[in-house]
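The block underneath contains the structure these notes are about, expressed in structure tokens.
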Amino acid sequence: MERDQPADLGAFFEALLFIAERPLTTPELAELGSVPRLQAEAELSALAERLEEDERGLRVQHHDGAWQLVTAPEVGARLATYAAREEARLSSAALEALAVIAYRQPCTRGDVERVRGVDSDYVIRSLMHRRLVVEVGRRDTPGRPVLFGTTFSFLERFGLTSIDDLPPLSSDAAQLTALTEPAEPAVADGE
Amino acid sequence: MPMTHPEGMQPIPVEPEGAVAVPVGDSGFTLALPVFEGPLQLLLHLIESRQLDVLTVPLAEVADAYVEHLSRHPVDAANLSEFVSIAAQLIFLKSKRLLPTEPIPPLPEGGDEPDEEELRRRILEYRALRDASKVLGAMDGAAPVMRREPREADLPEVPAEPIAVGILVAAIEALAAIPEPVAPPPAVVPREITIGQQIAVLRQALSAGGRVLLQTILARCGSRTEAAVTFLAALELVRRRQVTAEQHDIFGPIVIEASAGEVMP
């Protein structure tokens, strides 16, 4: 019985995510599974890995402390034909702003403008309108500017299971990030 | 034209990705022209189109091409100040290079002397995120993942308890008991009262005895507006010195009297 518990829990979470009509948070899942939060998280990560390793048609998507079951990106193009979903392409300006927010999140409009060198108020609002980014809080600096982060819709549209899946930035930029990124308090992600 | 850097300073074809509507003349006619949205985009394009290495190229070398581009092509007007600011930095860097024997004394701490390495860092950072945005653009919608759409069963349920017929009857009867609303007048016609009209009214009143109590006329007014306009008419007559007004106490009666020699109709 003890030995079977983890496998049961994984199946339970898989089923739970299947019937849920919205992303479920780690605390919700932990409570429903009657397990500590850390165990729930480990179980969900294991489930995500299993689905990917077995090349199943479903994936577990994880963002901002919440989880949902989605279709695998490998079948996305064919599914899009079935679902007749065709979204308007994003402009290069919108993609630039989205890239800054995705890689630097949470970040402010000022951060986006500093990187792009241009006013980005409009593009950020259009990204918010498309629900690709949302306000996630405010930075504790003068003026308390709004911080933006990406959403589940962003992950869905770009076929990612979490923001850790983003393609890596080119190497010289990775070093630059350390140089130019403003110091900010560490962001608690889940636990 | 530049004399110092003949290697590749000729105008180059410029093909930014974005097209921006540029107004032509003042007739509301616009042309969609490809323009650079920001100075970093332009700067990076100038460097890359010459196949120079962003990491090592002296940025002063592209100053001429940058300024040349600014003077000949439209840029996104909303960000013009950003373009000009970068232009100023490039010209400064170039001037420093042209006068190598005379080092410019460093500005005090906190001064905003353009720093080449800082500008280079910005270009590199921009390039990294621009490249990432191109990768994202290729991924955009290519292999989307989808979540389950909420089914009917997920929608909030309608209460399933049977409803007593009596409740419906009572509801209809209650509705029937409410009187039909009175139809509004077909249109609201504002009644215009002018100072001129009210001057005529005042003159009419004064024609009898040459004196009249303003309050008696105000009392005959049908609305607040009419009273206000009448009062203004009285003030106007006073201003024209056709009448005099007298009031002994605050809120007391105001006596309007025709001035001597004024003939009231």
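Those protein sequence lines, which keep their order, are chains P and L. Numbering-wise (the numbering used here), the first sequence opens with residue 1065 and increments by one. Numbering-wise (the numbering used here), the second sequence opens with residue 27 and increments by one. Just so you know, even glycine gets a beta-carbon here, dropped at the ideal spot from N, CA and C.
Could you tell me whether the Cβ atoms of Asp1128(P) and Gly1223(P) are closer together than 9 Å?
Not in contact: Asp1128(P) and Gly1223(P) (Cβ atoms no closer than 9 Å).
Presumed contact (8 Å Cβ cut-off) between Ala231(L) and Ile221(L), rounded CB distance:
In this structure Ala231(L) does not touch Ile221(L) by the C-beta definition: roughly 15 Å separates them, more than the 8 Å allowed.
Sequence ranges, alpha helix (DSSP H) only - wholly within the region 79 to 113 of chain L, length at least 4
List check, alpha helix (DSSP H) in window: 89 to 98.
Taking Arg1195(P) and Asp166(L) to be in contact with their CB atoms under 8 Å, please state how far apart those CB atoms are, rounded to whole angstroms.
So it is not a contact: roughly 15 Å between Cβ atoms.
Step through the CB atoms of chain L and report whether any lies within less than 9 Å of the CB of Arg1120(P).
So, not an interface residue.
Between Leu68(L) and the rest of its own chain, which residues show a CB-CB distance below 6 Å, the 5 nearest in sequence each way excluded?
Cβ within range, chain order: Phe62.
Provide the residue span of the beta strand (DSSP E) that contains Thr1214(P), from first to last.
From DSSP, the beta strand (DSSP E) with Thr1214(P) extends over 1210 to 1214.
Check each candidate in Gln1103(P), Pro1206(P), Val1134(P) and name the one with the smallest Cα separation from Pro1087(P).
Looking at the Cα atoms, Val1134(P) is the closest of the given residues.
Given a cut-off of 9 Å, decide if Ile280(L) and Arg237(L) are closer than it, judged by their beta-carbon atoms.
Not closer than 9 Å, so no.
Along the chain, where does the alpha helix (DSSP H) containing Val1176(P) start, and where does it finish?
Where Val1176(P) is concerned, the enclosing alpha helix (DSSP H) starts and stops at 1173 to 1180.
Tell me whether Asp1175(P) is buried or exposed, calling it buried when 16 or more other Cβ atoms sit within 10 Å of its Cβ.
The Cβ neighbour count for Asp1175(P), taken over all protein chains shown within 10 Å, is at least 16; the residue is labelled buried.
In whole angstroms, what separates the C-alpha of Val110(L) from that of Ala89(L)?
For Val110(L) and Ala89(L), the distance between alpha carbons rounds to 12 Å.
Find out if the Cβ-Cβ distance for the pair Gly1181(P), Tyr152(L) is shorter than 9 Å.
Taking C-beta atoms as the reference points, Gly1181(P) and Tyr152(L) count as a pair closer than 9 Å.
Beta carbon proximity, Thr1215(P) to chain L, threshold 9 Å
Not closer than 9 Å to any Cβ of chain L, the Cβ of Thr1215(P) fails to qualify, so no.
Below 8 Å, how does it come out for the region 156 to 171 of chain L and the region 1100 to 1114 of chain P: are there three or more Cβ pairs, yes or no?
Short answer: they don't touch.
Can you pull the chain L residues whose beta carbon is under 8 Å from the beta carbon of Arg1221(P), in chain order?
Those are Asp166, Gly167, Pro170, listed as they occur along chain L.
Proximal residues to Ala260(L) (C-beta, below 7 Å), its chain only, five neighbours per side dropped
The answer, listed in chain order, is Leu228, Leu240, Ala271, Ile282.
Does the beta carbon of Gly248(L) sit closer than 9 Å to a beta carbon anywhere in chain P?
It does not: the Cβ of Gly248(L) has no partner Cβ on chain P nearer than 9 Å.
Check whether chain P comes within 9 Å of Asp157(L), counting only Cβ atoms and requiring the distance to be less than that.
Taking Cβ atoms only, chain P reaches closer than 9 Å to Asp157(L), which makes this a yes.
At what residues does the beta strand (DSSP E) containing Arg1123(P) begin and finish?
Where Arg1123(P) is concerned, the enclosing beta strand (DSSP E) stretches over 1122 to 1127.
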